[in-house]
Amino acid sequence: DAKTTQPPSMDCAEGRAANLPCNHSTISGNEYVYWYRQIHSQGPQYIIHGLKNNETNEMASLIITEDRKSSTLILPHATLRDTAVYYCIVRVVGSNYKLTFGKGTLLTVNP
Amino acid sequence: EPEVTQTPSHQVTQMGQEVILRCVPISNHLYFYWYRQILGQKVEFLVSFYNNEISEKSEIFDDQFSVERPDGSNFTLKIRSTKLEDSAMYFCASSHDRDSYNEQFFGPGTRLTVL
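Residue numbers (this note's numbering), protein chains in the order written: chain A, 41 to 151; chain B, 23 to 137.
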């Protein structure tokens, strides 16, 4: 799986949009970008995934650049409960291979 | 909403003892996983399981570890002779009903403390 690079930490004000960047410059054509988060020692939670088009669900939006070398996860209206470590993972879709977690980005939402 | 459950939430054991961690995956899922997270470190893959056999395992998953799906609902991780360095959070996950894109759903974890 391609390697990803994320900032170690970010802050966001409650109610504002949180934009979490991820670089994945070695991504292959058959690799999707997945985002998970982990709220303080709980099990990781799936957020969203995408291939090359922008995606949106009830939790977040995923913006992938045209060259697919980077992406941004957007939480449109961050709440205190969104404070967590966010992981960007690239992975071949259609496989049930392991998820390889990096260190992720610790997002702290401040009141 | 269906979820993965794990028992116990916290297990304390003496070094050298056997432990069994239990998981109930989401009922229509076909693939099952164990991960662990040592305090302050990354989540690490241990093993994946499909069709009653191991499909992939990491170098961490040595002969002291085994997995089993003893019935149609439970998925277990056994550590035969625990070591101090086995102290960690152990997460079970499951994936792949026919309509999914293979996102993995994680349980709340079992905190294993080896004394």
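All residues carry an ideal CB built from backbone N, CA and C; glycine is no exception.
By the 10 Å Cβ neighbour count, where 16 or more other Cβ atoms means buried, how is VAL34 (chain B) classified, buried or exposed? exposed
How about LEU120 (chain A): is its C-beta nearer than 8 Å to some C-beta of chain B? no
Helix, strand or coil for LEU139 (chain A)? Go by DSSP, reduced to three states. coil
So with Cβ pairs under 8 Å, would you call PRO48 (chain A) a contact of chain B? no
On the criterion of 16 or more Cβ atoms from any shown chain inside 10 Å, does ARG58 (chain B) qualify as buried, or is it exposed? buried
Does ILE67 (chain A) pass the burial test, meaning 16 or more other C-beta atoms within 10 Å, or should it be called exposed? buried
Kindly indicate which three-state DSSP category ASP122 (chain A) falls into: helix, strand or coil? helix
Beta carbon of LEU60 (chain A) nearer than 8 Å to that of LEU147 (chain A): yes
Given a limit of 8 Å on CB to CB distance, which residues of the segment 56 to 85 of chain A reach chain B? TYR72, TYR74, GLN78, SER81, GLN82, GLY83, PRO84, GLN85
Hey, how far is the Cα of ARG121 (chain A) from the Cα of HIS89 (chain A)? 21 Å
Figure out for me which residue from B:PHE71, B:HIS118, B:CYS45 has the closest Cα to the Cα of GLY83 (chain A). B:CYS45
Any idea what DSSP makes of GLU154 (chain B), helix, strand or coil? This structure cannot speak to residue 154 (chain B), because chain B is shown only from 23 to 137.
For GLY131 (chain B) and chain A, any beta-carbon pair shorter than 8 Å? yes
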